[in-house]
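Novice: Numbering-wise, our numbering comes out as the position in the sequence shown, counting from 1, plus 479.
Every residue gets a Cβ at the ideal spot worked out from N, C-alpha and C, and that includes glycine.
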Amino acid sequence: MLLDTASLYFRAYFGVPESVKAPDGTPVNAVRGLLDFITRLVQDHHPDQLVACMDADWRPQWRVDLIPSYKTHRLAPEQPAGEEGAEEIPDTLSPQVPVIEQVLDALGIARIGVPGYEADDVIGTLATRASVPVRIVTGDRDLFQLVDDARGVQVLYPVKGVGAAQLIDEAALREKYGVTGPEYADMAALRGDPSDGLPGVKGIGEKTAAQLIREYGDLAGIRAAAADPLSKLTPARRRNILEGAPYLDVAPTVVRVATDVALPDFDPALPTEPLDPMTLEALATHWGLGTSLTRLLDTLASSR
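(1) Terminal residues of the continuous beta strand (DSSP E) containing L635?
(2) In terms of residues, what are the limits of the beta strand (DSSP E) holding A589?
(3) Please report the straight-line C-alpha distance between E760 and P574, rounded to a whole angstrom.
(4) Output the boundary residues of the beta strand (DSSP E) element that contains Q645.
(5) With 16 other CB atoms within 10 Å as the buried threshold, where does R653 fall?
(6) So, using beta-carbon positions, are G696 and V507 closer together than 8 Å?
(7) What do you reckon, are the CB atoms on A485 and T604 nearer than 8 Å?
(8) In this structure, does DSSP put V576 in helix, strand or coil?
(9) Just to confirm before moving on: does the CB-CB distance between P661 and G631 stay below 8 Å?
(10) Among the residues of its own chain, which have a CB less than 7 Å from the CB of D648, if the five just before and after it don't count?
(11) Using only the alpha-carbon positions, how far apart do W541 and A585 sit?
(12) Provide the residue span of the beta strand (DSSP E) that contains A531, from first to last.
(13) Quick one: measure Cβ to Cβ for V658 and G723, integer angstroms, because I've assumed they're closer than 8 Å.
(14) Since I believe P731 is in contact with D665 (beta carbons under 8 Å), could you give me their beta-carbon distance rounded to a whole number of angstroms?
(15) In chain order, what residues of the same chain have a beta carbon less than 7 Å from the beta carbon of P594, not counting five sequence neighbours either side?
(16) Which residues in the same chain as A644 place their Cβ atom closer than 8 Å to its Cβ, once the five residues preceding and following it in sequence are excluded?
(17) In angstroms with no decimal places, state the Cα-to-Cα distance between V521 and A715.
(18) If R614 sits next to M480, beta carbons under 8 Å apart, how far is it from one beta carbon to the other, in whole angstroms?
(19) Count the other CB atoms within 10 Å of the CB of K686; is the residue buried (16 or more) or exposed (fewer)?
(20) Mind pulling the beta strand (DSSP E) runs of 3 or more residues that sit fully within the stretch 493–538?
(21) Given G494, which residues of its chain have a CB within under 7 Å of its CB, disregarding the five upstream and five downstream residues?
(22) Under a three-way DSSP split, which group does V582 fall into?
(23) With a CB to CB cut of under 7 Å and the five nearest residues on each side skipped, what residues in its chain are close to P496?
(24) So which of P673, S610, L775 and P756 has the shortest CA-CA distance to R553?
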C-alpha cells in the first residue's frame, strides 16, 4: 500500500475540526486524522507493506522548465527570504507536517521522499518495481495512469473518507473515462488541468480527449491525424491540435509520473510495534495524540 501522504493529510486537515488540539492549544487535526486514516486502511485492506510517500519537491524545477505555469497558482504570495517556491499551506497545517513525519518515523512506517521529485514520482517508481499487488491511496486523479490489472496495481480514491474509498481498476477507468491507465496520462495532457497549471489544448475537454484517444490510439496518433489533411478531424479540432504543438511536445513529460527515481534503502514491512517507543510516547504526550495513536498501535499489533 502506497500512501500519497500530502493528499491524505490535506483531506484530514479539512475533514477533522481544528478544535482537535494538543495540550498547548496547537491544532493537531491533520496529525490525528492521518493516523485515523492509516488505521482504517490497515483494518480494511490488510497490507503486508506500507509506504508513506512524500513530496520532497512539490513543484520540481524540471517540470517548471517545461511548463512554467506548472502549479504557479499554489505558490505562497508572500514568502520569507530564501523560501521562494514554497507551497501555500494553511497556517495551522504547515506546523503539523513535521509532527506527522516524526510520528511516522517513530512508528516505523517507511517514509520516502526524494529531492527533485513529487510523491507521485515515488509512487510511480514503487508501483512499477513492485512484484506484489499494489494499492495506491490518493485523492489525485493523475495517479490513475498507474492502474494496471495485469500487474495488480489499483487506486483507492477517497470519496468522503478512506473508509468510503472508490476502488479504481481498469474496468472503473473504462466505465468513467473510456480509457486505460496508460491512456489516462494522454487524456490528462490533452484536456489540461487548471489545478496544476496545465492549459491543455484549446477546445478539448475530458470527453473529447477520451474520444480522440479511442479513435486514434494515443497522443502520437492524434497528432499524426491532425497533420494528415485526409483524416476525419474537424477543421477546428485539427487547428487547435496543431497550434497546441509546443504544449503537446512537453506536456506528456510533465503529466506522466516518473518511474525511474533512485530511491533510498528502506523497509516497507508494516510494523507490528513501534520502532522507537520512547520517542513515540513523548510525541503522543506532547501533541495529545490520544485514541488516534492507540487505535493505530492496536491495529498494527493485531496485524501480526
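Specialist: With the structure as the only source:
(1) For this step, residue 635 is matched to residue 156 along the sequence shown. Note, L635: beta strand (DSSP E), V632 to Y636.
(2) Residue mapping note: residue 589 aligns to position 110 of the sequence shown, counting from 1. Unbroken beta strand (DSSP E) run through A589: A589 to I591.
(3) The count along the sequence shown starts at 1 and reaches residue 760 at position 281. The count along the sequence shown starts at 1 and reaches residue 574 at position 95. Roughly 19 Å between the two C-alpha positions.
(4) On the sequence shown, position 166 is the one that residue 645 refers to. Looking at the DSSP string, the run of the beta strand (DSSP E) that includes Q645 is Q645 to I647.
(5) Within the sequence shown, numbered from 1, the residue matching residue 653 stands at position 174. Exposed, because fewer than 16 other Cβ atoms sit within 10 Å of the Cβ of R653.
(6) Stepping through the sequence shown from its first residue, residue 696 is reached at position 217. Stepping through the sequence shown from its first residue, residue 507 is reached at position 28. Contact flag unset, no.
(7) For this step, residue 485 is matched to residue 6 along the sequence shown. For this step, residue 604 is matched to residue 125 along the sequence shown. No; because the gap between Cβ atoms is not below 8 Å, this pair is not in contact.
(8) As a position in the sequence shown, residue 576 is number 97, starting the count at 1. If DSSP states are grouped into helix, strand and coil, V576 belongs with the helices.
(9) On the sequence shown, residue 661 is found 182 positions in, with the first residue counted as 1. On the sequence shown, residue 631 is found 152 positions in, with the first residue counted as 1. In this structure, G631 does not lie closer than 8 Å to P661 by Cβ.
(10) In the sequence shown, counting from the first residue as 1, residue 648 sits at position 169. Cβ neighbours of D648 beyond the five flanking positions: V626, D628 and Q633.
(11) Reading the sequence shown from its first residue, position 62 is the one you call residue 541. Reading the sequence shown from its first residue, position 106 is the one you call residue 585. Rounded to the nearest angstrom, the two C-alpha atoms are 33 Å apart.
(12) By one-based count along the sequence shown, residue 531 stands at place 52. Segment V530 to C532, the beta strand (DSSP E) holding A531.
(13) Locating residue 658 in the sequence shown gives position 179, where the first residue counts as 1. Locating residue 723 in the sequence shown gives position 244, where the first residue counts as 1. Not confirmed; about 19 Å, so no contact.
(14) Taking the first residue of the sequence shown as 1, we reach residue 665 at position 186. Taking the first residue of the sequence shown as 1, we reach residue 731 at position 252. Indeed they touch by this definition, with Cβ atoms about 7 Å apart.
(15) In the sequence shown, residue 594 corresponds to position 115, counting from 1. Answer for P594: A535 and D536, listed in chain order.
(16) On the sequence shown, position 165 is the one that residue 644 refers to. Excluding sequence neighbours, A644 sits near V616, L635, Y636, P637 and V638.
(17) The residue given as residue 521 occupies position 42 in the sequence shown. The residue given as residue 715 occupies position 236 in the sequence shown. Those two C-alpha atoms are separated by around 50 Å.
(18) Numbered from 1 along the sequence shown, position 135 holds the residue referred to as residue 614. Numbered from 1 along the sequence shown, position 1 holds the residue referred to as residue 480. Correct: roughly 5 Å between the Cβ atoms.
(19) For the purposes of this step, residue 686 is identified with residue 207 of the sequence shown, where counting begins at 1. K686 should be labelled exposed.
(20) 530–532
(21) As a working note, residue 494 is residue 15 in the sequence shown. Answer for G494: G512 and G640, listed in chain order.
(22) Position 103 of the sequence shown, counting from 1, holds the residue named residue 582. In the structure shown, V582 sits in a helix (DSSP, three-state: H, G or I).
(23) Stepping through the sequence shown from its first residue, residue 496 is reached at position 17. Cβ within range, chain order: N508.
(24) Mapped onto the sequence shown, residue 553 falls at position 74. Comparing Cα-Cα distances from R553 to each of P673, S610, L775 and P756, the minimum goes to P673.
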